[in-house]
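Residue numbers (our numbering): 8 to 316. Just below is one structure, and these are the notes that go with it.
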């Protein structure tokens with residue numbers, strides 16, 4: 008009980024700090040504020056069936072809601088200035104079960120500790136400029152060496168040409184559980200069927216403030232957008248509690264299914280919460296502290312959003 012109270016308090020303080028650093032935008036998410044919802048269908052290949060009981064990965068085609076977004080808390084941020092993009096998927100399983108899968112265009116996070124994440128927010132005050140200033144980056148590297156890889160990756164990342172041509176990673180490790188109770192560590196990745204496409208700085212200069220949603224809606228008017236879900240099978244040496252580290256590239260990957268994004272969702276009020284810890288039987292959270300912390304942080308953000316705060 009005490010541990011849960013501490014997590015809740017830290018989540019509130021973290022959301023407060025995000026508002027302090029990036030501003031408060033009533034009615035919006037405290038991160039990934041700018042985004043659009045789309046209707047989709049997910050069809051499994053069946054290849055994951057031996058690893059998990061989860062119906063949508065094993066055998067059952069299910070409807071889904073997809074949200075593409077920019078990562079920043081400011082909903083007016085031009086698409087070109089939020090280089091990291093998000094893709095969150097909520098699978099609607101039989102018996103009213105839900106499975107959420109949250110991905111971004113970088114495969115790692117900036118820290119493995121919720122407290123360190125709060126400390127980083129308290130250290131850097133230049134996120135309003137969309138990237139940490141050089142002096143802040145140097146300070147971060149000195150104080151939080153575990154964050155170095157993620158920040159360097161962000162600084163080198165190029166803008167995607169379309170939400171439909173981004174590669175999205177779920178960042179955290181999970182466990183798939185089969186009917187025999189065997190637990191397999193895994194990571195999830197979305198590969199765009201249209202291929203991965205990025206833009207040069209010169210090309211970005213010609214893009215509108217909201218070019219990504221405009222482009223995707225025009226694309227969907229012509230045809231559905233497809234992503235293939237790959238499951239990376241971990242080995243005993245692969246960390247399941249540290250989202251700042253990538254797993255080796257040579258790990259076995261299986262194609263778990265295909266997501267067909269069909270049209271913009273007719274949503275009047277966005278009540279969706281893409282909490283990555285909400286999972287069906289057959290998928291379990293790993294011992295990743297950041298993953299488990301997201302539940303409290305998402306809840307706090309949702310409560311403020313739905314109250315119009």
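Here a beta-carbon is modelled for each residue, glycine too, at the ideal position from N, C-alpha and C. What you are looking at is a predicted structure, and each value in this text was computed from that prediction instead of being measured.
Where residue i falls, given that 16 or more other Cβ within 10 Å makes a residue buried
i	result
residue 148	exposed
residue 162	exposed
residue 121	buried
residue 298	buried
residue 167	buried
residue 53	exposed
residue 202	exposed
residue 307	buried
residue 119	buried
residue 303	buried
residue 239	buried
residue 117	buried
residue 89	buried
residue 215	exposed
residue 154	buried
Coil, strand or helix - residue i by DSSP
i	result
residue 29	helix
residue 124	helix
residue 60	coil
residue 315	coil
residue 153	helix
residue 235	strand
residue 24	helix
residue 244	coil
residue 251	coil
residue 301	helix
residue 256	coil
residue 119	coil
residue 281	coil
residue 341	Residue numbering for the chain in the displayed model covers 8 to 316; residue 341 lies beyond these limits and cannot be assessed.
residue 87	helix
Euclidean distance between Cα positions of residue i and residue j
i	j	result
residue 199	residue 175	9 Å
residue 188	residue 106	19 Å
residue 19	residue 311	10 Å
residue 17	residue 129	13 Å
residue 179	residue 61	18 Å
residue 102	residue 69	12 Å
residue 316	residue 73	24 Å
residue 245	residue 113	18 Å
residue 252	residue 275	39 Å
residue 205	residue 211	10 Å
residue 97	residue 267	13 Å
residue 49	residue 59	16 Å
residue 31	residue 280	19 Å
residue 81	residue 38	8 Å
residue 207	residue 150	32 Å
residue 196	residue 257	14 Å
residue 23	residue 209	37 Å
residue 229	residue 221	13 Å
residue 318	residue 183	There is no way to answer for residue 318, as the model of the chain reaches only from 8 to 316.
Beta carbon of residue i nearer than 8 Å to that of residue j
i	j	result
residue 55	residue 261	yes
residue 247	residue 124	no
residue 271	residue 231	no
residue 250	residue 295	yes
residue 277	residue 305	no
residue 126	residue 217	no
residue 293	residue 219	no
residue 263	residue 64	yes
residue 177	residue 194	yes
residue 265	residue 226	no
residue 75	residue 236	no
residue 78	residue 111	yes
residue 291	residue 181	yes
residue 14	residue 300	yes
residue 192	residue 241	yes
residue 47	residue 115	no
Cβ contact check for the segment 105-121 and the segment 286-301: 3 or more pairs under 8 Å: yes
Looking at C-beta atoms only, is the number of pairs between the segment 38-58 and the segment 82-96 that lie closer than 8 Å three or more? yes
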